[in-house]
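Below: the structure, in structure tokens.
Number of protein chains: 2
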Amino acid sequence: MNDRFVAADKAALPVNDLGVQRGYGIFDFLRVSNGIPLFIDDHLDRFYHSAREMRLPVRQTKGELKEILSALFQKNNLPDAGVRILLTGGNSPDGYQVSAPNLVIIQQPLIPPSSHLSQACKLVTYQHQRQMPHIKTTDYLMAVWLQPWIKEMDADDVLYQQNGMVSECPRSNFFIVTGNHTIQTPARNILKGVTRKQVLKVAAEQGIRVEEKDISIEDIRVAKEAFIGSSTKRIIPVGQVDDIVFEPVSANSVTTRLFDLLLQNEREAISTGV
Amino acid sequence: MNDRFVAADKAALPVNDLGVQRGYGIFDFLRVSNGIPLFIDDHLDRFYHSAREMRLPVRQTKGELKEILSALFQKNNLPDAGVRILLTGGNSPDGYQVSAPNLVIIQQPLIPPSSHLSQACKLVTYQHQRQMPHIKTTDYLMAVWLQPWIKEMDADDVLYQQNGMVSECPRSNFFIVTGNHTIQTPARNILKGVTRKQVLKVAAEQGIRVEEKDISIEDIRVAKEAFIGSSTKRIIPVGQVDDIVFEPVSANSVTTRLFDLLLQNEREAISTGV
Chain A
154 MNDRFVAADK
164 AALPVNDLGV
174 QRGYGIFDFL
184 RVSNGIPLFI
194 DDHLDRFYHS
204 AREMRLPVRQ
214 TKGELKEILS
224 ALFQKNNLPD
234 AGVRILLTGG
244 NSPDGYQVSA
254 PNLVIIQQPL
264 IPPSSHLSQA
274 CKLVTYQHQR
284 QMPHIKTTDY
294 LMAVWLQPWI
304 KEMDADDVLY
314 QQNGMVSECP
324 RSNFFIVTGN
334 HTIQTPARNI
344 LKGVTRKQVL
354 KVAAEQGIRV
364 EEKDISIEDI
374 RVAKEAFIGS
384 STKRIIPVGQ
394 VDDIVFEPVS
404 ANSVTTRLFD
414 LLLQNEREAI
424 STGV
Chain B
154 MNDRFVAADK
164 AALPVNDLGV
174 QRGYGIFDFL
184 RVSNGIPLFI
194 DDHLDRFYHS
204 AREMRLPVRQ
214 TKGELKEILS
224 ALFQKNNLPD
234 AGVRILLTGG
244 NSPDGYQVSA
254 PNLVIIQQPL
264 IPPSSHLSQA
274 CKLVTYQHQR
284 QMPHIKTTDY
294 LMAVWLQPWI
304 KEMDADDVLY
314 QQNGMVSECP
324 RSNFFIVTGN
334 HTIQTPARNI
344 LKGVTRKQVL
354 KVAAEQGIRV
364 EEKDISIEDI
374 RVAKEAFIGS
384 STKRIIPVGQ
394 VDDIVFEPVS
404 ANSVTTRLFD
414 LLLQNEREAI
424 STGV
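Just so you know, the sequences run in chain order A and B. One rule links them: number in my numbering = place in the first sequence (from 1) + 153. One rule links them: number in my numbering = place in the second sequence (from 1) + 153.
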């Protein structure tokens, strides 16, 4: 918390913090595997980008944040963990103007995703567009509110759409694979995920065509495969979007191939310590 | 805080509270004048409505909350104050599912609004629609973010609009007075303010025509008067919306008349202790 190490159950924010009173905050979340914070530069770059866009000054440089993280990792000694770096609007005297931000870094144990492709998930679409979608704010009001409805629909997650154009899931990016083996993913009105970047990178390296473009429900209907990607899950095949059902993935699926490439990519990151 | 009285500078929420991590919370804010919490039933009714809509159970009944408020008022002894009643998603183990909510009630000194109509304010419109507008959530991400821009525009506040139809200011409702002395205020996509309700009530009692309907920028352009209303400000005349300038209010303005009626209404509330 700011400049101090605090036991997790003692870590608290003043009730007049703008993060509490006005939902004004940004964060990033990264996975630690074998003690290595994965793709940390991408996560920190996005964290500083979010902070800048929300006009929240970060007192620490990127190098200083990395040192704080190292010290935290040493104290906690959790080889597999999730790390949340949170920056709020601070203790605002009038409850409205941004003050000196509060920085909170939380490390918690995290079960790593399986080294085999997970079972396919079911998505339901919902008409919603996140405000400030390109910034990783703490605004998950709609996502948390929709949880009971998602369960009621017997689905695993929601895919936001606006007038028939899909954008993203609350905590992951959405991709389809077309009939001619091209990976497509929305380009606009989304948060650009670190895993999304890795997907585009490894696909391009392997000569798989990738397109960042607007995707409609009708595009999903004629797609051959669909998957979601996030830092905690790598990629998960999508078995169903509303009434659109996909065939199960096989060893030859683009999704399977991508998963293997991401796993290999991650192992390289761990072995080189980056 | 929940069941305890805590010194304001010691009041803090755990960092894993959903209000902090996911911006998931609701609140209400009311004014205390001469020791009387003004229109408390309206505020508490809205508070319970917001809680219900966001699926946040309140452990206390309305009567119990009133008793807690009385005890807090006695401890603080602030005849003129603002009271914020905040309910968050609680200490969520997974940082995503609603848990047992945390209730925080904060009383702070508040300079009461003048008993004379304030100087006219300047509004600038901005294309935005609040998510879940009928619920008083803690989502003020856009409003706080726009503060520097509002100052840059030399304005006092922002008026949200969507495709030319205006809705509300972040913390107040918007009204116009037409050429035939009818008060109009948006009916949809807004938070229905307690002062808005009082305005409609006192106007109707005095035979002033009121209409709740969609209002466009063009409606504002041909309006004779405009004003905003909120619990902390009662009503304030609007002198300008973007490039639309209104004539200064006079003793004969509907805005002036309404202000006097609201003041009288408030004095009655204080004298009857409701």
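The beta-carbon is built from N, C-alpha and C at its ideal position, and this holds for glycine as well. Quick caveat, the model's predicted, so the values are computed rather than measured.
So is residue 278 (chain B) buried or exposed if we call it buried at 16+ other beta carbons inside 10 Å? Buried is the call here.
Note down the Cα distance separating residue 334 (chain B) from residue 294 (chain B), rounded to an integer number of angstroms. Their Cα atoms are separated by approximately 36 Å.
If we define contact as Cβ-Cβ less than 9 Å, is residue 312 (chain B) a contact residue for chain A? Closer than 9 Å: no.
Looking at the structure shown, is residue 416 (chain B) part of a helix, part of a strand, or coil, going by DSSP? In the three-state scheme derived from DSSP, where H, G and I count as helix and E and B as strand, residue 416 (chain B) is classed as helix.
Using a Cβ cut-off of 9 Å (strictly closer), state whether residue 230 (chain B) contacts chain A. So no, residue 230 (chain B) is outside the interface.
Touching by the beta-carbon criterion (3+ pairs, under 8 Å), the region 175-184 of chain A and the region 223-230 of chain A: Contact between the region 175-184 of chain A and the region 223-230 of chain A is absent, because fewer than three Cβ pairs lie under 8 Å.
Applying a beta-carbon distance threshold of less than 9 Å, which residues of chain B neighbour residue 242 (chain A)? Near residue 242 (chain A) (Cβ distances below 9 Å), the residues of chain B are 297.
Within 10 Å of its beta-carbon, does residue 423 (chain A) have 16 or more other beta-carbons around it, so buried, or fewer, so exposed? Its Cβ having fewer than 16 others within 10 Å, residue 423 (chain A) is exposed.
Is residue 365 (chain A) near residue 337 (chain A), with beta carbons less than 9 Å apart? Contact flag set, yes.
Which residues mark the beginning and the end of the beta strand (DSSP E) in which residue 382 (chain B) is found? Looking at the DSSP string, the run of the beta strand (DSSP E) that includes residue 382 (chain B) is 378-383.
Roughly how many whole angstroms lie between the Cα atoms of residue 290 (chain B) and residue 238 (chain B)? Distance between the alpha carbons of residue 290 (chain B) and residue 238 (chain B): 11 Å.
Is the shortest distance between the beta-carbon of residue 306 (chain B) and the beta-carbons of chain A less than 9 Å? Taking Cβ atoms only, chain A never reaches closer than 9 Å to residue 306 (chain B), which makes this a no.
Would you call the region 375-387 of chain B in contact with the region 339-356 of chain B, where contact means no fewer than 3 C-beta pairs closer than 8 Å? Output reads yes: the region 339-356 of chain B touches the region 375-387 of chain B.
Give a yes or no on whether 9 Å exceeds the smallest Cβ distance from residue 169 (chain A) to chain B. Put simply, the CB of residue 169 (chain A) is near chain B, with a gap under 9 Å to one of its CB atoms.
Same chain, Cβ closer than 7 Å to residue 382 (chain A), five either side skipped, listed in chain order: Cβ neighbours of residue 382 (chain A) beyond the five flanking positions: 325, 326, 328, 346, 348, 349, 352, 388.
What did DSSP end up calling residue 237 (chain B) once you bin it into helix, strand or coil? In the structure shown, residue 237 (chain B) sits in a strand (DSSP, three-state: E or B).
Could you list which residues in chain B have their beta carbon closer than 8 Å to that of residue 251 (chain A), in chain order? Residues of chain B passing the Cβ test: 297, 300.
Taking Cβ-Cβ distances shorter than 7 Å, what residues in chain A pair up with residue 317 (chain B)? Result: empty, since nearest Cβ-Cβ is about 18 Å, beyond 7 Å.
DSSP on residue 261 (chain B), reduced to helix/strand/coil? Reduced to three states, the DSSP call for residue 261 (chain B) is strand.
Can at least three beta-carbon pairs, one atom from the region 265-275 of chain A and one from the region 404-418 of chain A, be found at a separation below 8 Å? With the cut-off at 8 Å, the region 265-275 of chain A and the region 404-418 of chain A touch.
Quick one, are the C-beta atoms of residue 274 (chain A) and residue 307 (chain A) less than 9 Å apart? No, they are not a contact pair.
Check the Cβ of residue 172 (chain B) against every Cβ in chain A and list those closer than 7 Å, keeping chain order. Residues of chain A whose Cβ lies closer than 7 Å to the Cβ of residue 172 (chain B) are, in chain order, 173.
For my contact list, residue 191 (chain A) and residue 421 (chain A) are in at a C-beta cut-off of 8 Å; report their separation, rounded to the angstrom. So it is not a contact: roughly 11 Å between Cβ atoms.
For residue 291 (chain A), which residues in chain B fall below 8 Å Cβ to Cβ? Simply 173, 174, 175, 176.
Residues near residue 303 (chain A) in its chain [Cβ-Cβ closer than 6 Å; skip 5 each side]: Cβ neighbours of residue 303 (chain A) beyond the five flanking positions: 311.
Report back the beta-carbon spacing between residue 251 (chain B) and residue 330 (chain A) to the nearest angstrom; my notes put them in contact at under 8 Å. Contact doesn't hold; Cβ gap of about 35 Å is too wide.
Taking 9 Å as the threshold (beta carbon to beta carbon), is residue 284 (chain B) in contact with chain A? So yes, residue 284 (chain B) belongs to the interface.
Give me, in chain order, the residues of the same chain whose beta-carbon lies closer than 7 Å to that of residue 196 (chain B); leave out the 5 immediate sequence neighbours on both sides. Excluding positions up to five away in sequence, the list reads 181, 183, 347.
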